[in-house]
Amino acid sequence: MSWVQTLAVVFHVLLAAAIIGLVLIQRGKGADAGAGFGAGASGTVFGARGSGSFLSRTTAIMATLFFLTSLGLSYLFSQSTAPTSVVDRVQPAQSVPAPAPTQSNPPGALLPSVPESAAPATTQPTATAPAEAPAPAK
2 MSWVQTLAVV FHVLLAAAII GLVLIQRGKG ADAGAGFGAG ASGTVFGARG SGSFLSRTTA
62 IMATLFFLTS LGLSYLFSQS TAPTSVVDRV QPAQSVPAPA PTQSNPPGAL LPSVPESAAP
122 ATTQPTATAP AEAPAPAK
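Going by my numbering, the sequence shown opens with residue 2, and the numbers climb by one from there.
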C-alpha cells in the first residue's frame, strides 16, 4: 500500500470517528436546550441559536467529506496492480523434462516397469456368494 493510500485510509477513519462523535453529541428533538451541556450552557458554547444548527451543519460537512473519501479510496485501491490473492502470488511450477526412454522404460509406457523377478505373484480373486438376509421375525 502506498503512502497516499495509507494517508487516505487514516483520514477516512478519523472522519468516521468524528461523525460518530458529532451524532452522539447532538440532542434529540424532545430534549431540553441544555440537556447535553447543563442548564443553558448550549447557548454560550454554540451561539444564541443553540447547538442544533452548528452541529447539524458540521455533521453534513463531515458526511460529505466521508462520501468523497469513500469514492477516492475506491479509485485508489482499484488502480493497484499488486496481487491481492495468495493464488496470484504463487509462481507456476517449472516443467521437468521427461526421462529418456530406456530398456526398462519403453517410449510408450506411462509408468516404469517392474522386473519380473521382483513382481508379486498375482492371484485371481474368488467370487463369494452374497450373504442371505435373515428372515423377518414375526
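We put the CB at the ideal spot given by N, CA and C, even for glycine. Predicted model, so just to flag it, every value in this text is computed and none were measured.
Limits of the unbroken alpha helix (DSSP H) element including residue i
i	result
G22	4-26
V88	87-90
Residue i versus residue j - alpha carbon distance
i	j	result
G44	L25	Its pLDDT being 49, under 50, G44 is placed unreliably by the model, and nothing is read from it.
Q6	P93	30 Å
R58	L23	10 Å
F67	L16	6 Å
R65	L74	Here the sequence assigns Thr to residue 65, which means Arg is not the residue at that position. Cα-Cα distance, rounded: 14 Å.
S79	V87	18 Å
S140	I62	Look at the range of the chain in this structure, 2 to 139, and you will see that residue 140 is not part of it.
L72	P98	51 Å
S54	A18	20 Å
V14	Q95	44 Å
A9	L56	24 Å
S81	D89	14 Å
Same chain only: Cβ atoms within 8 Å of residue i, ignoring 5 sequence neighbours per side
i	result
T60	I20, L23, V24, Q27
Close beta carbons around residue i, own chain, < 7 Å, minus the five adjacent residues each side
i	result
F12	T70
L77	V5, Q6, A9
is_contact[residue i, chain C] using C-beta, thresh 9 Å
i	result
A17	Absent from the structure is chain C; it holds one protein chain and no more.
Any non-hydrogen atom of the ligand ADP closer than 8 Å to residue i Cβ
i	result
F68	In the structure on display, the ligand ADP does not appear, and there are no ligands present to speak of.
Contacts around residue i, its chain only, beta-carbon distance under 6 Å, and the 5 residues preceding and following it disregarded
i	result
A138	none
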